[in-house]
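K.L.:
Chains as they are written, first to last, in our numbering: chain A, 2 to 284; chain B, 5 to 311; chain C, 1057 to 1305. We treat Cβ as the ideally placed atom computed from N, Cα and C, and that holds for glycine.
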Amino acid sequence: MIWVIHTLNGISFGMLLFLLAAGLSLIYGLMKILNLTHGSYYLIGAYVGSTIIAKTGSFALALIVAPLVVALLGAVMERYFLRRFHLQELPQTLLTFGFLFIFADLMLWIWGGDPIVLPKPAAFSGSISIGDARYPTYRLALIAVGLIVALILWWFQERTRLGAMLRAGVDDAEIAGALGIDVSLLFTLVFAVGALLAALGGVLGGPIIGAQPGADFEVMLLAFVVVIVGGLGSLRGALIGGLLVGLLDNFGKIFFPELALFTIFVPMAIILSFRPTGLFGRL
Amino acid sequence: MARILLFIALAAVVFVALPFVVPSYYVGLTTKILIFALFAMSLDLLIGYTGLASLGHAAFFGISAYTIAVLSVKLRMSEWIAFPAGLTMAIALGAVFALLALRARGSYLLMITLALAQVVWGIAFGWRTMTGGDDGLPGLRRPAFVSDETSFYFLVLGLVAASTVVLVALIRSPFGLALQGIRESESRMQALGFNVWRHQFVAFVIAAAFAGLAGALYVYYNRFVSPDFLHVVRSAEVLIMVIIGGVGTLLGPAIGAAAIILLEDIISSQTQHWLLALGIIYVATTLFAPRGLIGLYRERFMARRKP
Amino acid sequence: MTAYKALDVQNVAKNFGGVRALTDVTLAMAPGERLVLLGPNGAGKTTLFHSISGNIIASAGRISLFGQDITQLAPDARARLGLARTFQITNLFRQLTVFQNLQLAVCGAQQVTFKFIRPMTQYADVRERAEALLAEWNLVDVADTIVQNLSYGEQRQIEVVMALAGNPKILLLDEPTSGLSPAETHRVAAMVRALPRDMTILMIEHDMDVAFEIADRIAVMHQGRIIAEGDEATIRGNKQVSDIYLGVE
Chain A
2 MIWVIHTLNG ISFGMLLFLL AAGLSLIYGL MKILNLTHGS YYLIGAYVGS TIIAKTGSFA
62 LALIVAPLVV ALLGAVMERY FLRRFHLQEL PQTLLTFGFL FIFADLMLWI WGGDPIVLPK
122 PAAFSGSISI GDARYPTYRL ALIAVGLIVA LILWWFQERT RLGAMLRAGV DDAEIAGALG
182 IDVSLLFTLV FAVGALLAAL GGVLGGPIIG AQPGADFEVM LLAFVVVIVG GLGSLRGALI
242 GGLLVGLLDN FGKIFFPELA LFTIFVPMAI ILSFRPTGLF GRL
Chain B
5 MARILLFIAL AAVVFVALPF VVPSYYVGLT TKILIFALFA MSLDLLIGYT GLASLGHAAF
65 FGISAYTIAV LSVKLRMSEW IAFPAGLTMA IALGAVFALL ALRARGSYLL MITLALAQVV
125 WGIAFGWRTM TGGDDGLPGL RRPAFVSDET SFYFLVLGLV AASTVVLVAL IRSPFGLALQ
185 GIRESESRMQ ALGFNVWRHQ FVAFVIAAAF AGLAGALYVY YNRFVSPDFL HVVRSAEVLI
245 MVIIGGVGTL LGPAIGAAAI ILLEDIISSQ TQHWLLALGI IYVATTLFAP RGLIGLYRER
305 FMARRKP
Chain C
1057 MTAYKALDVQ NVAKNFGGVR ALTDVTLAMA PGERLVLLGP NGAGKTTLFH SISGNIIASA
1117 GRISLFGQDI TQLAPDARAR LGLARTFQIT NLFRQLTVFQ NLQLAVCGAQ QVTFKFIRPM
1177 TQYADVRERA EALLAEWNLV DVADTIVQNL SYGEQRQIEV VMALAGNPKI LLLDEPTSGL
1237 SPAETHRVAA MVRALPRDMT ILMIEHDMDV AFEIADRIAV MHQGRIIAEG DEATIRGNKQ
1297 VSDIYLGVE
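(1) To the nearest angstrom, how far is it from the Cα of residue 64 (chain B) to the Cα of residue 49 (chain B)?
(2) Quick one: is residue 1124 (chain C) near chain B, going by C-beta distance under 7 angstroms?
(3) Counting only Cβ pairs nearer than 8 angstroms, list the residues of chain B close to residue 78 (chain A).
(4) Can you give me the start and stop residues for the alpha helix (DSSP H) that residue 49 (chain B) sits inside?
(5) Need the endpoints of the beta strand (DSSP E) that residue 1066 (chain C) sits in, please.
(6) From what residue to what residue does the beta strand (DSSP E) around residue 134 (chain B) run?
(7) Using the rule of at least 16 other Cβ atoms within 10 Å of the residue's Cβ for burial, across every protein chain shown, is residue 303 (chain B) buried or exposed?
(8) Would you call residue 258 (chain A) buried or exposed, if buried means 16 or more other Cβ atoms sit within 10 Å of its Cβ?
(9) Residues of chain A with a CB under 9 angstroms from the CB of residue 302 (chain B): which are they?
(10) For residue 112 (chain B) versus residue 23 (chain B), is the C-beta spacing smaller than 7 angstroms?
(11) Below 8 angstroms between beta carbons is the criterion; list the residues of the region 214-234 of chain A that meet it against any residue of chain B, in chain order.
(12) Is it right to say residue 255 (chain A) is buried, meaning 16 or more other beta carbons lie within 10 angstroms of its own, or is it exposed?
(13) Along the beta strand (DSSP E) that carries residue 1242 (chain C), what are the first and last residues, could you check?
(14) Could you give the residue range of the beta strand (DSSP E) that holds residue 1075 (chain C)?
(15) Regarding residue 1295 (chain C) and the ligand NAP, is the C-beta to nearest heavy atom distance less than 6 angstroms?
(16) Between residue 107 (chain B) and residue 277 (chain A), which are expected to be in contact by the criterion C-beta below 8 angstroms, what is the C-beta distance as a whole number of angstroms?
(17) Say whether chain B places a C-beta atom closer than 7 angstroms to the C-beta of residue 1155 (chain C).
(18) Can you tell me the Cβ-Cβ gap for residue 333 (chain B) and residue 164 (chain B), rounded? I've got them flagged as a contact below 8 angstroms.
(19) For residue 258 (chain A), name the three-state secondary structure that DSSP assigns.
(20) Just the Cα atoms here: how many angstroms apart are residue 223 (chain B) and residue 189 (chain B)?
(21) By the 7 angstroms beta-carbon criterion, what residues does the region 179-192 of chain B contribute toward chain C?
(22) Going by beta carbon distance, what residues of the same chain come within less than 8 angstroms of residue 263 (chain B), once the five residues before and after it are set aside?
(23) Grouping DSSP H, G and I as helix and E and B as strand, with all else coil, what is residue 1259 (chain C)?
(24) If you follow the alpha helix (DSSP H) that residue 1119 (chain C) is part of, which residue opens it and which one closes it?
(25) Is DSSP giving residue 1272 (chain C) helix, strand or coil here?
(26) With a threshold of 7 angstroms between beta carbons, is residue 83 (chain A) in contact with chain B?
(27) Near residue 243 (chain A), what residues of its chain come up, given a Cβ to Cβ distance below 6 angstroms and the 5 sequence neighbours on each side ignored?
(28) Between residue 1306 (chain C) and residue 1220 (chain C), what straight-line distance do the alpha-carbon atoms span, to the nearest angstrom?
(29) For residue 1176 (chain C), would you say it is in contact with chain B, using Cβ-to-Cβ distances shorter than 7 angstroms as the test?
(30) Between which two residues does the beta strand (DSSP E) containing residue 1174 (chain C) stretch?
(31) Skipping 5 residues on each side, what residues in its chain have a beta carbon closer than 8 angstroms to that of residue 12 (chain A)?
(32) Helix or strand or just coil, what does DSSP make of residue 29 (chain A)?
(33) What is the DSSP secondary structure of residue 1142 (chain C), counted as helix, strand or coil?
(34) By the DSSP assignment, the beta strand (DSSP E) with residue 135 (chain A) in it spans what residues?
(35) Taking DSSP as the reference, what is the three-state secondary structure of residue 1285 (chain C)?
(36) Using a Cβ-Cβ distance cut-off of 7 angstroms, determine whether residue 91 (chain B) contacts chain C.
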């Protein structure tokens, strides 16, 4: 039974990683930007969510408003800063690193250094029995939300006009531009959606992981690993990579507590050496 | 040519005279600047000359430092073993990174080097019995012949100067020109009969070796090592030194190192919000001096010469 | 006299995913021969060209250079066997000077590689060859100019000179006149015509006049196959060729 619990823990964490990696991967796929502030979006989402819950008591409101706030932030960053350095990876990296520092300091200023754990929504605060053990319904709900988001994203990418533009843009931004697609708007939109997903992960992860200084960096790294493992620009890669890393992280902490991160990074290095483009990626 | 010789002579006089003129705090600070100048120059060989972006350069710096600290403090070995062992580990790690990462380019390469460096960080952080984990490893002593601040300064000055000479020679050699060719066009270099991968591999290992030397000097400077030595923040810091100074100029990154370390020194004594200040500096540099300080200087200089 | 063909392409095929780019292409060149590949866009000219230069590895068939099998070799290994190429889209070391560009080309040809210590300037053989190229192609005045500051026409010219640095046995030219004005086109065509007669030259060319002016023989490609081969008269008289290609022009 304990294995089921651990597996569910791994999957629910994997879903959070999926939310982060999906945005990161789409942004990279379309714009080739390595966004180091992606973890900050997550943490800002969690903090803003915590403030909304503290003021209004509504988890649902936090789940809607916090991601929108962060999406706006992402759009501003893309339009007024990153845009100027299209396809120049060094300035882009530097910019996003600068913002990582700025956001980290501002968050420390506003929300302090103590960990904040978001309260669970009332409807999902209980637990259900799995065999002889109890399992929190919140984590199950988290898995469901992750799957729903994956479905929506899949539908968006495969079945809508905007999604078709996005796929064309990932293949070749120049050609997409030549086909009359408004690449500029697409860039901003995708960046905003990526930020939104990360912040959504922040609010959803708030009740189980909490928000604290440094979490921005940790989740960013995990999201990177997911993207490297799953393959850049691939939604499927983000989902499967997310689940894989979530499970590896969870079981790694149980079996090799001394080398916690190692259980994630070693498989990554192995995949990298045999499939440099990740499981589902292409360069 | 005469101007360059004059510049070198002047720099030599200033650096040699320095410890006899300024208080010892500034001797220490200059030592640190020299070490990071070497670190930044080693990264510039990769980024500026070979065109390979890396966000994991601190791994080489850190593994050398950790090797020396562990061998000296935990296993009580002499510095004559520990120091070469540190460099060897940096070189070996450089080879491993190159094997794993060299198929990627651009920002994907940045991400992979970052992730690989984080593996090393994970070991330093997690393997408490050997590395002390989060607390780090204190208690390293400087070799007896450089135990005081001034003699250690001169050791660092000598090694950094020698390394600079080697790096300059390397860049002017056929190998160095080939690296610049690879930076400009890999496909053309291949068509001309160059084995591009092998050049990049060697460049990676050389860069790792000099980063390892910088790390070795820094651990003796600090007499302490912690996971911060090889954290991504340190990799990013050395990257900003390179960019702020001027990518592909060698001297620029050394100046960038001086600028960043002095800024950190000043800012951290003035405000708690040094992270915010540093972030703003990163953003401002990118926006207003994308070619770095050397680039700014050149633009001004060129502008003045034009009628 | 050797029995070897300069270039021997036997039954080469190339698939990209499910798409056949080349089907059973066989093509031979005698030493010193000048062959021009014609064909509409998407006919497979560039794929064939890349299979010969090594930027693409053929899915099937065999390619040999002066009797040596090169089918699986990397581009740089082929270059060391005396094969040189130009690029359709100008591919120079844009931030280096003209002289440095040529130095690198000569270093590649003379295999002055992995020399770490002495400065480049001290390699007299490389310098002399690079200076000779500058003089030969009237580039002395721009020797110290950064390549990206040159005109497009000048860059196209250097594109060819780079490939000539090592006196290649076989030269592959990928549309050397693309994007040039008539006058510049004429200059590059004259340049190619003036090359030593013992240099084997394979060239992709869109400009009909240039093609007929330079070629000893012409091969026409269509849908991944060679559909006609011969001299100017044969090609002009070929019904299929005029239908699919000449008619279009």
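P.N.:
Straight from the coordinates:
(1) Residue mapping note: residue 64 (chain B) aligns to position 60 of the second sequence, counting from 1. Residue mapping note: residue 49 (chain B) aligns to position 45 of the second sequence, counting from 1. Roughly 14 angstroms between the two C-alpha positions.
(2) Taking the third sequence and counting its residues from 1, the one referred to as residue 1124 (chain C) is at position 68. No, because no Cβ of chain B sits closer than 7 angstroms to the Cβ of residue 1124 (chain C).
(3) Start at 1 with the first residue of the first sequence, and residue 78 (chain A) comes out as number 77. In chain order: nothing, as chain B lies at least about 10 angstroms away.
(4) What you label residue 49 (chain B) is simply residue 45 of the second sequence in a count that begins at 1. No alpha helix (DSSP H) holds residue 49 (chain B); DSSP gives it neither H nor E.
(5) In the third sequence, residue 1066 (chain C) corresponds to position 10, counting from 1. Its beta strand (DSSP E) spans residues 1063-1072.
(6) Taking the first residue of the second sequence as 1, we reach residue 134 (chain B) at position 130. Here residue 134 (chain B) belongs to no beta strand (DSSP E); instead the alpha helix (DSSP H) covers 132-135.
(7) By 1-based counting over the second sequence, the position of residue 303 (chain B) is 299. Exposed, by the Cβ-count rule.
(8) Walking along the first sequence from the start, residue 258 (chain A) turns up at place 257. When all chains shown are included, residue 258 (chain A) counts as exposed.
(9) Residue numbering aside, residue 302 (chain B) sits at position 298 when the second sequence is read from its first letter. Simply none; closest approach about 18 angstroms.
(10) Taking the first residue of the second sequence as position 1, residue 112 (chain B) is located at position 108. Taking the first residue of the second sequence as position 1, residue 23 (chain B) is located at position 19. Not in contact: residue 112 (chain B) and residue 23 (chain B) (Cβ atoms no closer than 7 angstroms).
(11) Under the 8 angstroms Cβ criterion, the region 214-234 of chain A contributes 218, 222, 225, 226, 228, 229, 233.
(12) Sequence index remark: in the first sequence, residue 255 (chain A) carries index 254 (1-based). Classification of residue 255 (chain A): exposed, given that the 10 Å Cβ count is below 16.
(13) Position 186 of the third sequence, counting from 1, holds the residue named residue 1242 (chain C). Where residue 1242 (chain C) is concerned, there is no enclosing beta strand (DSSP E), although the alpha helix (DSSP H) it sits in stretches over 1238-1249.
(14) As a working mapping, residue 1075 (chain C) is identified with position 19 in the third sequence. Run containing residue 1075 (chain C): 1075-1085, per the beta strand (DSSP E) assignment.
(15) Looking for the ligand NAP in the displayed structure turns up nothing, as the structure carries no ligands at all.
(16) For the purposes of this step, residue 107 (chain B) is identified with residue 103 of the second sequence, where counting begins at 1. For the purposes of this step, residue 277 (chain A) is identified with residue 276 of the first sequence, where counting begins at 1. About 4 angstroms separates the beta carbons of residue 107 (chain B) and residue 277 (chain A), which is inside the 8 angstroms limit, making them a contact pair.
(17) Your numbering for residue 1155 (chain C) matches position 99 in the third sequence. Cβ-Cβ to chain B under 7 angstroms: no for residue 1155 (chain C).
(18) What the structure shows of chain B is the stretch from 5 to 311, and residue 333 (chain B) is not part of that stretch, so it cannot be assessed.
(19) If you number the first sequence from 1, residue 258 (chain A) lands on position 257. The answer is helix: DSSP assigns residue 258 (chain A) an H, G or I state.
(20) As a first step, residue 223 (chain B) is located in the second sequence; it is residue number 219 there, counting from the start. As a first step, residue 189 (chain B) is located in the second sequence; it is residue number 185 there, counting from the start. Taking the Cα positions, residue 223 (chain B) is about 38 angstroms away from residue 189 (chain B).
(21) Of all residues in the region 179-192 of chain B, 179, 181, 182, 184, 185, 188, 189, 191, 192 have a Cβ within less than 7 angstroms of some Cβ in chain C.
(22) By one-based count along the second sequence, residue 263 (chain B) stands at place 259. Around residue 263 (chain B): 245, 248, 249, 297.
(23) Counted from its first residue, the third sequence places residue 1259 (chain C) at position 203. Note: residue 1259 (chain C) maps to strand in three-state DSSP.
(24) Reading the third sequence from its first residue, position 63 is the one you call residue 1119 (chain C). DSSP places residue 1119 (chain C) outside any alpha helix (DSSP H); the residue lies instead in the beta strand (DSSP E), whose first and last residues are 1116-1121.
(25) Here the question's residue 1272 (chain C) lines up with position 216 in the third sequence. DSSP, reduced to helix, strand and coil, places residue 1272 (chain C) outside both helices and strands of the structure shown, so it counts as coil.
(26) Taking the first sequence and counting its residues from 1, the one referred to as residue 83 (chain A) is at position 82. No, residue 83 (chain A) lies away from the interface with chain B (no Cβ there is under 7 angstroms from its Cβ).
(27) If you number the first sequence from 1, residue 243 (chain A) lands on position 242. Cβ neighbours of residue 243 (chain A) beyond the five flanking positions: 15, 18, 19, 22, 227.
(28) Since the first residue of chain C shown is 1057 and the last is 1305, residue 1306 (chain C) is not available in this structure.
(29) As a working note, residue 1176 (chain C) is residue 120 in the third sequence. It does: the Cβ of residue 1176 (chain C) has a partner Cβ on chain B nearer than 7 angstroms.
(30) On the third sequence, residue 1174 (chain C) is found 118 positions in, with the first residue counted as 1. Boundaries cannot be given for residue 1174 (chain C), as no beta strand (DSSP E) includes it and DSSP labels it neither H nor E.
(31) Counted from its first residue, the first sequence places residue 12 (chain A) at position 11. Once the five neighbours on either side are set aside, the close Cβ partners of residue 12 (chain A) are 144, 244, 247, 248.
(32) By one-based count along the first sequence, residue 29 (chain A) stands at place 28. In the three-state DSSP reduction, residue 29 (chain A) falls in the helix class (H, G or I).
(33) Numbered from 1 along the third sequence, position 86 holds the residue referred to as residue 1142 (chain C). Coil.
(34) Here residue 135 (chain A) is taken as the residue at index 134 of the first sequence, counted from 1. Element bounds for residue 135 (chain A): 134-137.
(35) Reading the third sequence from its first residue, position 229 is the one you call residue 1285 (chain C). Residue state, collapsed to three classes: strand.
(36) Here the question's residue 91 (chain B) lines up with position 87 in the second sequence. No, its Cβ sits nowhere closer than 7 angstroms to a Cβ of chain C.
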